[in-house]
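Protein chains in written order, with my numbering: chain A, 13 to 532; chain B, 8 to 342.
Encoded as structure tokens, the structure appears first; notes follow it.
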């Protein structure tokens, strides 16, 4: 009897081993002119006006067209649907001439009426990138001059207007109207598209895969040979790295610093490490609790070990003041706090806690190792001032809730801010204007002087005067010390060496523009 | 018998009401503001309020719950506040992926552990048993996510025998959806290559998930077999000159199987819960990941729906297990 079983067992094992070997290198099969991009952006819809996450930006860049495009490093504005435009001297009236070849995927021409319709739709939907034109473009702002000319009269001058236009897509009014469904076609666009962009969608599985196909009738000349782009949701960044190494994917857009280090020298892999679009700061509660005293904030700012922060940040650069360097408006001449314990103690002496002896809370997103390390740097730094730090990991929804009022806002709040369009206004307004109080980008900080300067800089059409305003903004904010200005993480993209014509742009790096890409 | 089955099925209703009430209340009393999250960082207070109103979050919990339950009877599981997609549609997409993985792991676990346990039981304290016992012990002490990574490293990265992740290669379209199980659907469509590809993709995640149950079920099976072999009826049967194979397969196996069956029933629930980790490691687009994302965003409707579905499956499996007892052991059959 044992004999029988033993024989059975061995037969089973042999069969199993055989089955495994036949598996072969099945996953490595590649098809010509097909580009596969691994990403962590869960795609759930095709409404360019319905989201502000990077998956939506992928759709905006590739399935739809905007009036203008933003490309390259440093980012520059280029014509897209609009061939050219004029701006009135007071910065209020923008007139765009549309490309007469531009066609939607159903063959209908892209007209001035479609532009008007699209702007009114995003305002009516009230979500997505609508915030970019909120208070700037109103229902009466847009005039259809003729089929191929559209005129915007802004409610107030808005210097970054051209910079936000790549992110407001033009949709096909006929398709939306036919599928309006009582919600401006939002339900229809969960699974369908209504664009004029270089790619259409052949297959979609939410939070899994999108099969993009190059539109052979696309109205713009040129473009690469990647006719199929598979946008593949890969949840683990480590998996993205391994797949890139194996050649299963051609691009990975969510790699960490550790992944980048591991990819050094990997055969067939090209690493792209460029100035990034995401800042990390530790916001302080300027309105409630011990840190409402500016001297304590300055003491903390001078005690913080910035070098230690950078050394645990992987590929990242220290911020020099509140605005990311490398963008227009950043003033490198401003004197920003660096670790100086003597000055820190001088400031501390002017507070209610000259000997320290207090405990402050820092909140960071649970599970984000990078944020935990930065919290530890803070804990370590403040020991020099006899200040204890209580590190509280928390879920993101809870952290959003904490921003509701100065009473619920913690002493220290860890936050990333993304640069969603190529202008310092995006960080200045989101991070420091008091109209954002109560939201997570700027929970509590408010200074009427800074508000006025930020508004003036938004409206100022003259570049030199604008730069001067941004200098003042940075100086005033540094004097108020509302944040520990942290790091700008470098953007990290991994490519196979057979991907051609990839041009890096720091604005929403993960939202790759497929149009120029080729695979050899 | 029939009344017993009907009674058990009727029992599902109060269980589900309790379950849904619990998840509903816990979801609502937690701190956090899903409407603010869904409306996005730049939303004004009015826009946040509009999202809350659209999803009914501005109404009393009791009213929200009543609406949810009445919706359930119309097959409406609500919409996700984050993606605005109907939850029922999402589940139809993700649930088959998870069930296919669980079914495959379970089949694998049973197919491997029952013979192993039998062999170990028959050879108790001799070389084969020692080897199997040592193997099961180490298998039990291996954390699942780690095992998954090791398997990926060895079979996908070093040996390039099996794919790293996913249900199919990116460039292959899934078979026409009938059951949502890629294996079954590709058979129905006669797409043999797709069947092969989906089996190859199932291999690593299924092994990862099956290993702990294999170890556990083997040990239970070993103990049950040893116990059954000690019974008087076995000695009797041998004395009567019955062939050892007949005794083994007709009597011992059947008697040893009861405890094992309980174990298998419990493992279905365990596997549905533990798919979260395996799905993440292997990028398996199932309900585990769907639920995780929803929990992190305080997106209530998907969380409740997944809880209810897992609850129903768990209850149903245990009902089937209880009924199978009757088949194995006539003493518990009639009630």
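The beta-carbon is built from N, C-alpha and C at its ideal position, and this holds for glycine as well.
Is the beta carbon of residue i sitting closer than 8 Å to the one on residue j?
{"i": "residue 154 (chain A)", "j": "residue 162 (chain A)", "result": "yes"}
{"i": "residue 231 (chain B)", "j": "residue 151 (chain B)", "result": "no"}
{"i": "residue 263 (chain A)", "j": "residue 524 (chain A)", "result": "yes"}
{"i": "residue 370 (chain A)", "j": "residue 302 (chain A)", "result": "yes"}
{"i": "residue 232 (chain A)", "j": "residue 493 (chain A)", "result": "no"}
{"i": "residue 181 (chain A)", "j": "residue 89 (chain A)", "result": "no"}
{"i": "residue 535 (chain A)", "j": "residue 466 (chain A)", "result": "Since the first and last residues shown for chain A are 13 and 532, residue 535 (chain A) lies out of range."}
{"i": "residue 314 (chain B)", "j": "residue 30 (chain B)", "result": "yes"}
{"i": "residue 268 (chain B)", "j": "residue 328 (chain B)", "result": "yes"}
{"i": "residue 444 (chain A)", "j": "residue 431 (chain A)", "result": "no"}
{"i": "residue 44 (chain A)", "j": "residue 54 (chain A)", "result": "no"}
{"i": "residue 246 (chain A)", "j": "residue 498 (chain A)", "result": "no"}
{"i": "residue 139 (chain A)", "j": "residue 62 (chain A)", "result": "yes"}
{"i": "residue 507 (chain A)", "j": "residue 284 (chain A)", "result": "yes"}
{"i": "residue 322 (chain B)", "j": "residue 102 (chain B)", "result": "no"}
{"i": "residue 433 (chain A)", "j": "residue 335 (chain A)", "result": "no"}
Taking only the alpha-carbon atoms, compute the straight-line gap between residue i and residue j and give it to the nearest angstrom.
{"i": "residue 265 (chain A)", "j": "residue 43 (chain B)", "result": "28 Å"}
{"i": "residue 533 (chain A)", "j": "residue 60 (chain A)", "result": "Not covered by the structure: residue 533 (chain A). The range shown for chain A is 13 to 532."}
{"i": "residue 199 (chain B)", "j": "residue 176 (chain B)", "result": "15 Å"}
{"i": "residue 33 (chain A)", "j": "residue 168 (chain B)", "result": "Its pLDDT being 36, under 50, residue 33 (chain A) is placed unreliably by the model, and nothing is read from it."}
{"i": "residue 172 (chain A)", "j": "residue 460 (chain A)", "result": "22 Å"}
{"i": "residue 331 (chain A)", "j": "residue 35 (chain B)", "result": "39 Å"}
{"i": "residue 399 (chain A)", "j": "residue 315 (chain A)", "result": "10 Å"}
{"i": "residue 522 (chain A)", "j": "residue 156 (chain A)", "result": "34 Å"}
{"i": "residue 37 (chain A)", "j": "residue 179 (chain B)", "result": "Summary for residue 37 (chain A): the model assigns pLDDT 40, below 50, so the residue's position carries little reliability, and this model does not support an answer."}
{"i": "residue 98 (chain B)", "j": "residue 267 (chain A)", "result": "30 Å"}
{"i": "residue 92 (chain B)", "j": "residue 203 (chain A)", "result": "10 Å"}
{"i": "residue 78 (chain B)", "j": "residue 106 (chain B)", "result": "25 Å"}
{"i": "residue 296 (chain A)", "j": "residue 454 (chain A)", "result": "10 Å"}
{"i": "residue 375 (chain B)", "j": "residue 126 (chain B)", "result": "The structure shown does not extend to residue 375 (chain B), since chain B is modelled only from 8 through 342, so no value can be given for it."}
{"i": "residue 226 (chain B)", "j": "residue 263 (chain B)", "result": "12 Å"}
{"i": "residue 260 (chain A)", "j": "residue 27 (chain B)", "result": "42 Å"}
{"i": "residue 253 (chain B)", "j": "residue 236 (chain B)", "result": "13 Å"}
{"i": "residue 293 (chain A)", "j": "residue 426 (chain A)", "result": "6 Å"}
{"i": "residue 127 (chain A)", "j": "residue 360 (chain A)", "result": "57 Å"}
{"i": "residue 22 (chain A)", "j": "residue 122 (chain B)", "result": "Reliability of the predicted coordinates at residue 22 (chain A) is poor, the pLDDT of 40 falling under 50, and no value is obtained from them."}
Anything in chain A within Cβ reach of residue i, meaning under 7 Å, just list it in chain order.
{"i": "residue 256 (chain B)", "result": "Ordered by position in chain A, no residue passes the 7 Å Cβ test against residue 256 (chain B), which lies about 11 Å from the chain."}
{"i": "residue 43 (chain B)", "result": "412"}
For a contact defined as C-beta to C-beta under 7 Å, what are the partners of residue i on chain B?
{"i": "residue 336 (chain A)", "result": "Ordered by position in chain B, no residue passes the 7 Å Cβ test against residue 336 (chain A), which lies about 17 Å from the chain."}
{"i": "residue 221 (chain A)", "result": "177"}
{"i": "residue 479 (chain A)", "result": "Simply none; closest approach about 25 Å."}
Using only alpha-carbon positions, find the residue among the options that is nearest to residue i.
{"i": "residue 375 (chain A)", "options": "A:445, A:428, A:236 and A:347", "result": "A:428"}
{"i": "residue 402 (chain A)", "options": "A:139, A:387 and A:137", "result": "A:387"}
{"i": "residue 251 (chain A)", "options": "A:129, A:515 and A:270", "result": "A:270"}
{"i": "residue 457 (chain A)", "options": "A:299, A:409, A:382 and A:328", "result": "A:299"}
{"i": "residue 476 (chain A)", "options": "A:343, A:455, A:510 and A:454", "result": "A:343"}
{"i": "residue 212 (chain A)", "options": "A:119, A:83, A:381 and A:379", "result": "A:119"}
{"i": "residue 83 (chain A)", "options": "A:530, A:532, A:529 and A:518", "result": "A:518"}
{"i": "residue 50 (chain B)", "options": "A:227, A:450, A:469 and A:464", "result": "A:450"}
{"i": "residue 509 (chain A)", "options": "A:502, A:498 and A:530", "result": "A:530"}
{"i": "residue 146 (chain A)", "options": "A:218, A:78, A:482 and A:177", "result": "A:177"}
{"i": "residue 137 (chain A)", "options": "A:339, A:292 and A:195", "result": "A:195"}
Show which residues of chain B have a CB atom less than 8 Å away from the CB atom of residue i.
{"i": "residue 172 (chain A)", "result": "Neighbours of residue 172 (chain A) on chain B: none; closest Cβ ~14 Å, over 8 Å."}
{"i": "residue 510 (chain A)", "result": "Result: empty, since nearest Cβ-Cβ is about 16 Å, beyond 8 Å."}
{"i": "residue 215 (chain A)", "result": "180"}
Could you tell me which chain B residues have their CB closer than 9 Å to the CB of residue i, listed as they occur along the chain?
{"i": "residue 354 (chain A)", "result": "Those do not exist, as residue 354 (chain A) stays about 39 Å from chain B at its closest Cβ, beyond 9 Å."}
Strictly below 8 Å CB to CB, what residues from chain A border residue i?
{"i": "residue 285 (chain B)", "result": "Under the 8 Å cutoff, chain A gives no residues; its nearest Cβ is about 12 Å from residue 285 (chain B)."}
{"i": "residue 46 (chain B)", "result": "139"}
{"i": "residue 332 (chain B)", "result": "Per Cβ cutoff of 8 Å: no residues; residue 332 (chain B) is ~26 Å from chain A at best."}
{"i": "residue 296 (chain B)", "result": "219 and 247"}
For a contact defined as C-beta to C-beta under 9 Å, what are the partners of residue i on chain A?
{"i": "residue 304 (chain B)", "result": "408 and 409"}
{"i": "residue 164 (chain B)", "result": "254, 257 and 258"}
{"i": "residue 85 (chain B)", "result": "Under the 9 Å cutoff, chain A gives no residues; its nearest Cβ is about 14 Å from residue 85 (chain B)."}
Under 9 Å (Cβ pairs) to chain A, residues found in the region 55-75 of chain B: If the cut-off is 9 Å between Cβ atoms, the region 55-75 of chain B has 57 and 58 near chain A.
Chain B contacts made by the region 247-281 of chain A, where a contact means CB separation under 9 Å: Listed by position, the residues of the region 247-281 of chain A near chain B (Cβ gap below 9 Å) are 247, 248, 250, 251, 254, 255, 257, 258, 260 and 261.
Chain B contacts made by the region 59-71 of chain A, where a contact means CB separation under 7 Å: So the close ones are 64.
Residues within the region 444-462 of chain A neighbouring chain B, beta-carbon criterion of under 7 Å: Within the region 444-462 of chain A, contact with chain B at the beta-carbon level (separation under 7 Å) is assigned to 451, 452 and 453.
Near-chain C residues of the region 359-380 of chain A - C-beta to any C-beta below 8 Å: Although the question refers to chain C, the structure presented lacks it and instead comprises the protein chains A and B.
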